[in-house]
Amino acid sequence: MMGGMSVLEAAVRANRIVVEVPRTGVEDWVVAAEVLLQEGLGAWAFPVELVHLLPEVLALHGHRARVGVCGVTDAEGVRTAVAAGAHFVLAPVSGSDLLAGAGEVPLLTGGLTPQEVADVLRTGADTALVAPADALGAAYARSLPPLFPAASLVPWGRLERYQCDMWFQAGASAAVVSEVILRPEDGAGANAPDEVARRAASFRPLNVN
Amino acid sequence: MMGGMSVLEAAVRANRIVVEVPRTGVEDWVVAAEVLLQEGLGAWAFPVELVHLLPEVLALHGHRARVGVCGVTDAEGVRTAVAAGAHFVLAPVSGSDLLAGAGEVPLLTGGLTPQEVADVLRTGADTALVAPADALGAAYARSLPPLFPAASLVPWGRLERYQCDMWFQAGASAAVVSEVILRPEDGAGANAPDEVARRAASFRPLNVN
Amino acid sequence: MMGGMSVLEAAVRANRIVVEVPRTGVEDWVVAAEVLLQEGLGAWAFPVELVHLLPEVLALHGHRARVGVCGVTDAEGVRTAVAAGAHFVLAPVSGSDLLAGAGEVPLLTGGLTPQEVADVLRTGADTALVAPADALGAAYARSLPPLFPAASLVPWGRLERYQCDMWFQAGASAAVVSEVILRPEDGAGANAPDEVARRAASFRPLNVN
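Those protein sequences? They're chains A, B and C, same order as listed.
So the numbering used here is basically just the index in the first sequence, starting at one, shifted up by 1330.
So the numbering used here is basically just the index in the second sequence, starting at one, shifted up by 1330.
So the numbering used here is basically just the index in the third sequence, starting at one, shifted up by 1330.
And the structure:
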């Protein structure tokens, strides 16, 4: 991590929207990646099951995008992500073993409840993921951030554009968006490039600090 | 805490409904406070962001109402509340550092999940807040209390009257009601005094042991 | 526990559906039990409040059904269940004190959030209950299991047949079904035997490994 930078900034630079790649993959990833870049969404998180794709993704787009690994729940997963060259790692849980495995790579840990967020912050972190943020409904977007005014909160889940808006208005610092941009609601397959573009464009205005 | 009294009773005496003051404040608080007292709701919790209001509130109504601070998530917040003269402190999380900060002032700690409630009770507490209780839906009001028959559970959140009813019927001991009495559904501004009176009156029958 | 068997298999053998008996009891339990057995549902969990019924249930059906105790949240509850002869014990929380109390009787511990599931697995368990699984909505059934691909997850709650389907499709190993089979939606009394049979039959296809 670089001096003076928050772990969130070290992870995804100026991006506020992180696009999570569906576990089932995206058929034509190179096209989708170019569309995301054109729409200004340059922070991507690959589920740890897809970590084998990272070397190619980094070779093709690693200079233009921040490429991370997400869905990591133990130290082994963190080490796997780091070994694959991930720019950053996202874990929906926390633990000193995970932090030890990350070394210099920015690792954002998380929790779901106020207690779990407090536990993340007690490790000295300035940022906590909230995962899965879609599980607790819209009211939670309003009630959680005011409890931790000094922290950066980053909701993570199947968040529509309006839900990201709610989180940001309540004080969240960024959001990890699962599926919504790259997959249709029914979860079958991936969106066509023009649909990805349309959805990415709707999130673009949020992707600024 | 006084000998033989539960921490809940030490905190709010005979009240079962604690009215949380909105973070955004209430324009004419003195009028609202008088209305609450007329309707028999004499336990109020101020978010820690409004702790600067406590000395005046205590001077005006401290002899007729129990005035606490809520939304505290760390030991510093507990100490701030105690220093301001709070009659009681409510934390949606738990931790030995919070308990140490409270000294003789009744502190109710809490959690959201069954595990977190169990963790609160393992600290020796007889009471656990459930926060935010509105996040987990109506079924949770029925399924949580039977798991902890020996404990006092106190749901906390944007709870309508019927939701408080459900919690009480399932065995909860009290409820901390956010917004509903003092604020309209759309969250804009505060309710007018007659609307506060109407809503407070609907909760009044619950405010008895 | 027997060598080579997972704790889940040691607890409920080949069953994937565990039927939870309502806390309020079932008026004519013997008839209901026969119906469940006819429909192939041979794993039952009695809330710890009904632990006094276990000796009779075990005497009548203990050779044909797996009979456990659920809703246990502390070591005393575990010991009570073991002393009553429970074939297995289900706890919605975890803790080393609970594990110590179980001795050789299969004990499945649980949690609600990803962090709590991770904590269960960190105790060395291969199985984690998810309780109450109905509190976090349908999306959670899809998002939780992929985070723990090596673990057996067992959702527990008021789960309709389609919800169990969702959990199983996402990788869950079994489900503890509260109320749905033995009680009507309005929660008043118990279902008549033919209604129990109809509901049990709808779950039967899921009850295979």
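For each residue, glycine too, the CB sits at the ideal point set by N, CA and C.
Nearest to Ser-1426(A) (by Cα), restricted to the options Leu-1536(A), Thr-1443(A), Gln-1445(A) and Asp-1449(A): Asp-1449(A)
Option nearest Glu-1379(A) by Cα separation, candidates Arg-1394(A), Leu-1390(A) and Thr-1403(A): Thr-1403(A)
Tell me which residues share the same chain as Leu-1477(B) and place their Cβ nearer than 6 Å to its Cβ, disregarding the 5 neighbours each side in the sequence. Contacts found: Pro-1444.
When you compare the CB positions of Ser-1336(A) and Ser-1508(A), do they come within less than 8 Å of one another, or not? No. Outside cutoff.
Beta carbon proximity, Ala-1363(A) to chain C, threshold 8 Å: no
In the DSSP assignment, the beta strand (DSSP E) including Leu-1483(C) goes from what residue to what residue? Under the DSSP assignment, Leu-1483(C) falls in the beta strand (DSSP E) whose first and last residues are 1482 to 1487.
Evaluate Gln-1368(A) with the Cβ neighbour count: other Cβ atoms within 10 Å of its Cβ, from every protein chain shown; 16 or more gives buried, anything less gives exposed. exposed
The beta strand (DSSP E) enclosing Val-1397(C), as first and last residue numbers: 1396 to 1400
Along the region 1445 to 1469 of chain A, where does the CB come closer than 7 Å to a CB of chain B? Name the residues. If the cut-off is 7 Å between Cβ atoms, the region 1445 to 1469 of chain A has Gln-1445, Ala-1448, Leu-1466, Gly-1467 and Ala-1469 near chain B.
Between Ser-1424(A) and chain C, is there a C-beta pair that is closer than 8 Å? yes
Decide if the region 1491 to 1510 of chain C is in contact with the region 1339 to 1359 of chain C; the criterion is three or more beta carbon pairs, one per stretch, under 8 Å apart. yes
Nearest-angstrom Cα distance between Gly-1372(C) and Arg-1528(C)? Those two C-alpha atoms are separated by around 16 Å.
Below 8 Å, can you find three or more Cβ-Cβ pairs linking the region 1430 to 1446 of chain B to the region 1404 to 1422 of chain B? Short answer: they touch.
What number of angstroms, rounded off, separates the C-alpha of Ala-1504(A) from the C-alpha of Ala-1341(A)? 11 Å
Arg-1346(A) touches chain C at which residues, Cβ-Cβ below 8 Å? Here the premise fails: no neighbours, minimum Cβ distance about 22 Å.
Spatial distance of Thr-1453(C) from Gly-1370(A) (CA atoms): 43 Å
Inspect the CB distances between the region 1456 to 1465 of chain A and the region 1452 to 1470 of chain C and report whether three or more fall short of 8 Å. yes
Does the Cβ-Cβ distance between Leu-1366(C) and Phe-1376(C) come in under 8 Å? no
Look at Val-1460(B) and Pro-1479(B) and say whether their C-beta atoms are less than 8 Å apart. no
Taking C-beta pairs closer than 8 Å, name the residues in chain B that Pro-1476(A) reaches, listed in chain order. When 8 Å is used as the limit between beta carbons, Pro-1476(A) is near these residues of chain B: Arg-1353, Pro-1377, Glu-1379 and Gly-1401, in chain order.
Does Gln-1499(A) pass the burial test, meaning 16 or more other C-beta atoms within 10 Å, or should it be called exposed? exposed
Could you compute how far the alpha carbon of Val-1412(C) sits from the alpha carbon of Arg-1472(B)? 26 Å
Provide the residue span of the alpha helix (DSSP H) that contains Ser-1508(A), from first to last. Here Ser-1508(A) belongs to no alpha helix (DSSP H); instead the beta strand (DSSP E) covers 1505 to 1508.
Could you work out which residue in Glu-1525(B), Pro-1385(B) and Val-1538(B) is closest to Val-1361(B) when comparing CA atoms only? Glu-1525(B)
Nearest residue (CA-CA) to Val-1397(B), options Gly-1407(B), Gly-1441(B) and Glu-1386(B): Glu-1386(B)
Report yes or no: is there a C-beta of chain A within less than 8 Å of the C-beta of Thr-1439(C)? no
Please give the ranges of any beta strand (DSSP E) in the region 1402 to 1439 of chain B, keeping only runs that are unbroken, at least 3 residues long and fully inside the region. 1418 to 1420
Would you say Met-1332(A) faces chain C, with C-beta separation under 8 Å as the test? Only weak support is given to the placement of Met-1332(A): the predicted model assigns it a pLDDT of 47, under 50, and the question is left unresolved by the model.
Give the single residue among Tyr-1492(A), Arg-1346(A), Ala-1520(A) and Thr-1439(A) whose Cα lies nearest to the Cα of Trp-1359(A). Ala-1520(A)
In angstroms, rounded to a whole number, what distance separates the CA positions of Val-1408(A) and Val-1356(C)? Each residue's Cα considered, the two are about 49 Å apart.
Listing by chain order, which chain C residues have their CB less than 7 Å from the CB of Arg-1472(A)? Here the premise fails: no neighbours, minimum Cβ distance about 18 Å.
Just verifying my parser: in three-state terms, what is the DSSP assignment at Pro-1352(A)? coil
Between the alpha carbons of Ala-1389(B) and Ala-1458(B), how many angstroms are there, rounded? 29 Å
Keeping to the same chain, check which residues put their C-beta closer than 7 Å to that of Pro-1523(B); ignore five residues upstream and five downstream. Only Val-1361, Ala-1362 and Val-1365 meet the Cβ criterion.
I need the DSSP call for Phe-1478(C), collapsed to helix, strand or coil. It is coil, neither helix nor strand.
Please list the terminal residues of the continuous beta strand (DSSP E) segment that includes Pro-1514(C). Per DSSP, Pro-1514(C) lies in no beta strand (DSSP E) and is assigned neither H nor E.
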